[in-house]
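Notes follow once the structure below has been shown.
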Amino acid sequence: MFNFVIAGCSGDGEAGLGCAGHYNSRNVHDTQKFYAVNITKSWISALEYCNSNFTGLATIRSSREEWHLLKYLNEINLQNTLWIGMRCSRVFGFWFWINDDPVTYHNWIYNSSAVIQDNQHCVILNVSQTNWIKQDCEKTAMFVCYSDE
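Residue numbers (the numbering used here): 1253 to 1401.
Below, the structure written as structure tokens:
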């Protein structure tokens, strides 16, 4: 099972863990706790936010893990695209998880990992289409962090 928490405050554009009433949590696994953050940031800003407040940007290590995450995000009506902790090495051209977990699972839209455009070195989870899309790291999106239990 995974733990999920929705963090974020509407209004000032900054989320804070002290924003009473702006989180929703549910236990669905014990190894990681995921946090869907209800603010938008670039990939690097999302990474910095997750590293400062949690453990890091979320990794998805299996179809089962992704299924639980997507199910929960759908239950709370979060249909956005969300940054996850995968990116492509600009030097070597391979995809990797930012926390050094091995890439043992992927869910690319139309097997799009093979073609890397100059500016698409980060990955978003497309909740409504249930797949992953390469994205320009400078674009803004909501994001999913995790913490180790």
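Each residue gets a CB set at the ideal place from its N, CA and C atoms; glycine is no exception.
Since this is a predicted model, take the numbers as computed values, not measurements.
Where residue i falls, given that 16 or more other Cβ within 10 Å makes a residue buried
i, result
"R1316", "exposed"
"E1318", "buried"
"V1343", "exposed"
"T1356", "exposed"
Residue i versus residue j: straight-line alpha-carbon distance, rounded
i, j, result
"L1330", "F1346", "30 Å"
"L1377", "W1335", "6 Å"
"G1337", "M1394", "12 Å"
For residue i, the nearest candidate out of the options (CA to CA)
i, options, result
"T1333", "W1349, N1359, W1384, A1298", "W1384"
"C1374", "L1309, T1382, N1305, V1289", "L1309"
"V1286", "S1341, F1306, S1314", "In the sequence as displayed, the identity of residue 1286 is Phe instead of Val. The shortest Cα separation from F1286 among S1341, F1306, S1314 belongs to F1306."
"I1328", "S1380, I1350, C1302", "S1380"
"S1294", "V1396, D1352, T1392", "T1392"
Span of the beta strand (DSSP E), counted from its first residue to its last, around residue i
i, result
"W1349", "1347–1349"
"L1377", "1374–1378"
"A1288", "1284–1293"
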